[in-house]
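Asker: Next up is a structure, given as structure tokens.
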Amino acid sequence: MDKWGLVIFILGLVLNAESAPPFPCDPATALNTFPFCNSQLGIAERVKDLIGRLTLQEKVEQLVNDASAVPRLGIPAYNWWSEALHGVSDVGPGTRFGGAVPAATTFPTVILSAASFNESLWMAMGQVVSTEARAMHNVGLAGLTYWSPNVNIFRDPRWGRGHETPGEDPFLTGKYASNYVRGLQETGGSDPNRLKVAACCKHYTAYDVDNWNGVQRYTFNALVSKYDLADTYNPPFHSCVKKGNVASVMCSYNQVNGIPTCADPNLLTGTVRGQWKLNGYIVSDCDSVDVLYNAQHYAPTPEDAVADVLKAGLDLDCGKFLGQYTESAVKGGKVNESQVDQALFNTFTTLMRLGWFDGDPAKQPFGNLGPKDVCTQANQELALDAARQGIVLLKNNGALPLAAKKIKSLALIGPNANATDAMIGNYAGIPCEYTTPLQGLSKYTRTLFAQGCANVLCGKNDLVGGAVVTAEQADATVLIVGGDLTLEREALDRTNLLLPGYQQELVTQVANAAKGPVVLVIMSGGPFDISFAKNNDKIAGILWVGYPGQAGGAAIADVVFGLYNPGGRLPVTWYPQDYIKVPMTDMNMRPRLRRGYPGRTYRFYRGPTVYNFGDGLSYTNFKTTVVKAPKLVYLPVKGKSACWGSNNSSCQAIPVSSIARCQKIVVDLFVDVKNKGPRDGTHSVLIYSRAPPKQWYFPKKQLIAFQKIFLPARAKQRLHFKLRLCKGFPIVDKHGYHQLLVGNHDLYIDDVQPSISIELKR
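Numbering (mature numbering (1 follows the signal peptide of the UniProt record, and there is no 0)), first residue to last: -19 to -1, 1 to 743.
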């Protein structure tokens, strides 16, 4: 063979690897006759047959994310680590772009999508992402197991990974998680046990300190009370497992009350697999097992570390540790081989549910998907719509939306005014295309661009003068400032809540000099203290746009010029700069005012705010009216219930477990929403509850339901909320148990008075 023949041969291998990826149980070989290849058998039977054919060494090689091939059984290598936080990503080694699929649809980061308060949107996004993932898998560019979404609570505004999450509220986060997971996983077929792709909810649990004042996530010991664990940190994971039927849960780096989460049998076997009945596998965050041995010094030997995590319930190691030390742990008597088998049963079962062992993927459901199904026009339009739905209007003195016919020239200023990579945040892939803010706004009018700062850190003010001159020449000014991954990201927490560097000076000087209306756009994951802008009459409007994804520039422009009426609501509290006095390492949600601790999130925080959870304006005016709500709800108590705080004549609280048919008791609430303004618009109706008595350790209020609707101008719609009594109304006591308090429960609609009282009577 000459050199050109060799080149063509190698190129053919490469192209074939992309178009025809290797798969087990290939009908073209003689290795497809094993029972584990027989799709007519039950999954459990097939998995047991497969495990029974593996040697101990082969089993151990399957305990890591980069699982080795087993050639004698016709099983190729498989990398479990792929990511799909807000689009198919190439962060994990299981996925790559190139050849027929150079890019994928990139949605806004999760924090902005959550601001839409739209469950159907979240599911639709998941469906698009899983379709593109399957299409890439079919040509050998992606795996089938995706370690997304991130459902940790955005507890502290400085957390660098907050923009990866749906925000600070456990109910909202749980709703986002279950809908996005269902969108990723559900096949639409008759067998609910089958998976389109396998999702993973991470990082379990109480994980939200990355790198703050020398405190590292790898060694941080989160001291968490039972009631905060049950009330705040764990509920999103519970929703993932119970409502989303997620195929995987990832344990985190940190310790919780002195025990690494990946080595805690109560958290893993006891809760995730025992109480919640996880149908899937538990995976470590990458190198977590190595970290608990080498950095946390939790176990005396590597083999003891292996024993700790396998006995706790870990099934898969993202890393190499289990691959290096499990065999010696078994031979040394630290671990039984049956425990290895159980871990493999959970992982192989997931691959069976995905069809990995069902032969040629082209002949399976979704086998028809390919490059033509990635970056479609419909998918990209959904990315644009998601960005528009999430954008939050925080201030408007009537200048917004700008009238394109009256604005002959627009000054566009700021370090994010021509952003590309900044718009897609963490765990992103390669977008189908970018529409920058400059490109988006230039479609509406002549645009004069001045950066104002060299980057978001804005360490010098030498460009401010030029920006001021630009603003003086234009009919209106849009400033796009905020952050990017140089300010907030994985392994980097923020140190304060102010706009970085000279950004505040830039905004103030430009606003003072501008001859027309000034609109401030904050592009960020976490909140900022922008009190100076909120109180500046020169600034006509303020928008928060998160990190809006590949179509962010078009979304911003559509909102600024009124093609789209904003309806997003803040998923996090915006605190004043003074909040940085609170240590990030204090995991308590509830306030301790005597020692100067104000608490966290809108549910418990006692202190001033810049903007509140749920804030968000519109270009129109919505009015909500309660039509019908019950005044009295009886509690059918089963057996002899133990009453908390009881005396001889009264019962203040009843354990949820003691209420007969508790999960089926529904409080029907009917609400009319009217669009009183001149513009069509979307509106999210938020329902909060507050339990009696009004004690400091109970939430001030908590979100229990929401619905997003579209209303034409002057139109009215009636909404029916079916509020489940034992979901939104109970409180968590100090022991971590859910109690339903007897007495008047206040309901707040859109955070406006009057409230509605519902009396619960035993």
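Yeah, the Cβ is synthetic: ideal placement off N, Cα and C, and Gly gets one too.
I need the boundaries of the alpha helix (DSSP H) containing K708, first residue and last residue.
Answerer: Per DSSP, K708 belongs to the alpha helix (DSSP H) from L706 to G709.
Asker: Could you check what DSSP says for G294 in three-state terms: helix, strand or coil?
Answerer: In the structure shown, G294 sits in coil (DSSP, three-state: anything other than H, G, I, E or B).
Asker: I need the straight-line Cα distance from M106 to A228, nearest angstrom please.
Answerer: Between M106 and A228, the C-alpha separation is close to 18 angstroms.
Asker: If I measure Cβ to Cβ from A85 and keep anything under 6 angstroms in the same chain, skipping five residues before and after, which residues do I get?
Answerer: Same-chain partners within the cutoff: G68, V69, E113, V355 and G410.
Asker: Could you tell me which residues DSSP puts in a beta bridge with T146?
Answerer: None; T146 has no bridge partner.
Asker: Considering W103, what are the terminal residues of the beta strand (DSSP E) in which it resides?
Answerer: Not the beta strand (DSSP E): W103 falls in the alpha helix (DSSP H), residues E100 to N119.
Asker: Note down the Cα distance separating L37 from L335, rounded to an integer number of angstroms.
Answerer: One C-alpha to the other measures close to 25 angstroms.
Asker: Quick check on D465: does DSSP put it in helix, strand or coil?
Answerer: Coil at D465, not helix or strand.
Asker: Quick check: what's the CA-CA separation for R254 versus L297?
Answerer: So the alpha carbons of these two residues sit roughly 15 angstroms apart.
Asker: Assuming E149 contacts V563 (C-beta within less than 8 angstroms), just tell me the rounded distance between them.
Answerer: Not really, about 14 angstroms apart at Cβ, beyond 8 angstroms.
Asker: When DSSP labels each residue in this structure, what does I730 get in the three-state scheme?
Answerer: In this structure, I730 counts as strand in the three-state DSSP scheme.
Asker: By Cβ distance below 8 angstroms, which residues in the same chain neighbour E453 in space, the five residues on each side in sequence not counted?
Answerer: Excluding positions up to five away in sequence, the list reads A494, A495 and K496.
Asker: For the beta strand (DSSP E) that L692 lies in, which residues bound it at each end?
Answerer: Counting along the chain, the beta strand (DSSP E) containing L692 begins and ends at Q683 to L692.
Asker: With H, G and I counted as helix, E and B as strand and the rest as coil, what does DSSP make of A610?
Answerer: DSSP places A610 in coil when its eight states are reduced to three.
Asker: Pick from G533, G446, S171 and A448: whose alpha carbon is nearest that of Y415?
Answerer: Nearest C-alpha to Y415: G533.
Asker: My output table needs one value for E26: the three-state DSSP class, helix, strand or coil.
Answerer: In the structure shown, E26 sits in a helix (DSSP, three-state: H, G or I).
Asker: Considering only the beta carbon of each residue, do G433 and P396 sit closer than 8 angstroms?
Answerer: Yes, Cβ-Cβ distance for G433 and P396 is below 8 angstroms.
Asker: According to the Cβ coordinates, are Y615 and K703 closer than 8 angstroms?
Answerer: No, the pair does not count as a contact, with Cβ atoms beyond the cut-off.
Asker: Return the Cβ separation of V132 and T146 in integer angstroms, given the expectation that the two are a contact with Cβ distance under 8 angstroms.
Answerer: Yes, they are in contact, since the Cβ atoms of V132 and T146 sit about 7 angstroms apart, within 8 angstroms.
Asker: Express the C-alpha separation of Y669 and Y729 in angstroms, rounding to a whole number.
Answerer: Taking the straight line joining both Cα atoms gives about 5 angstroms.
Asker: Note down the Cα distance separating F152 from V110, rounded to an integer number of angstroms.
Answerer: Each residue's Cα considered, the two are about 23 angstroms apart.
Asker: Less than 7 angstroms between C-beta atoms, sequence neighbours within five positions excluded: which residues of the same chain meet that for P83?
Answerer: Contacts found: I411.
Asker: Residue range of the alpha helix (DSSP H) that T307 falls in?
Answerer: Taken as a continuous stretch (DSSP letters only), the alpha helix (DSSP H) holding T307 covers F302 to K312.
Asker: Please report the distance separating the alpha-carbon of D137 from that of M568.
Answerer: Each residue's Cα considered, the two are about 9 angstroms apart.
Asker: Which same chain residues, not among the five before or five after F585, have their C-beta less than 8 angstroms away from its C-beta?
Answerer: Answer for F585: M570, R571, P572, P680 and K681, listed in chain order.
Asker: Grab me the residues of V178's own chain with a C-beta within less than 6 angstroms of its C-beta, minus the 5 sequence neighbours each way, in chain order.
Answerer: Here the set comprises S111, A114, L125, Y127 and L165.
Asker: Would you tell me roughly how many angstroms separate the C-alpha atoms of K387 and A457, rounded to the nearest one?
Answerer: One C-alpha to the other measures close to 10 angstroms.
Asker: What do you get for H664, buried or exposed, if any count of 16 or more other CB atoms within 10 angstroms of its CB means buried?
Answerer: The residue is buried, with at least 16 neighbouring Cβ atoms inside 10 Å.
Asker: Are V437 and L473 closer than 8 angstroms when you measure CB to CB?
Answerer: Cβ distance not < 8 angstroms, so V437 and L473 don't count as in contact.
Asker: Across which residues does DSSP place C356 in a beta bridge pair?
Answerer: In the DSSP output, where bridge partners are listed per residue, C356 has none listed.
Asker: What does a CB cutoff of less than 6 angstroms around V321 pick up in its chain, not counting 5 residues either side in sequence?
Answerer: If we look at V321 and ignore the five residues flanking it on each side, its Cβ neighbours are K40.
Asker: Can you grab the Cα-Cα spacing for the pair Y425 / Q558, in whole Å?
Answerer: Going by the C-alpha atoms only, they are around 36 angstroms apart.
Asker: Going by DSSP in three states, Y586 sits in which element: helix, strand or coil?
Answerer: Y586 falls in the coil class under three-state DSSP.
Asker: Across which residues does DSSP place P412 in a beta bridge pair?
Answerer: DSSP, once it has assigned bridges, lists A85 as partnering P412.
Asker: Please list the segments of the alpha helix (DSSP H) lying wholly inside the region 25 to 82, counting only runs of 4 or more residues, in order along the chain.
Answerer: Whole alpha helix (DSSP H) segments, 4+ residues: 37 to 41.
Asker: What does the alpha-carbon distance come out to for the pair K612 and P74?
Answerer: Cα-Cα distance, rounded: 57 angstroms.
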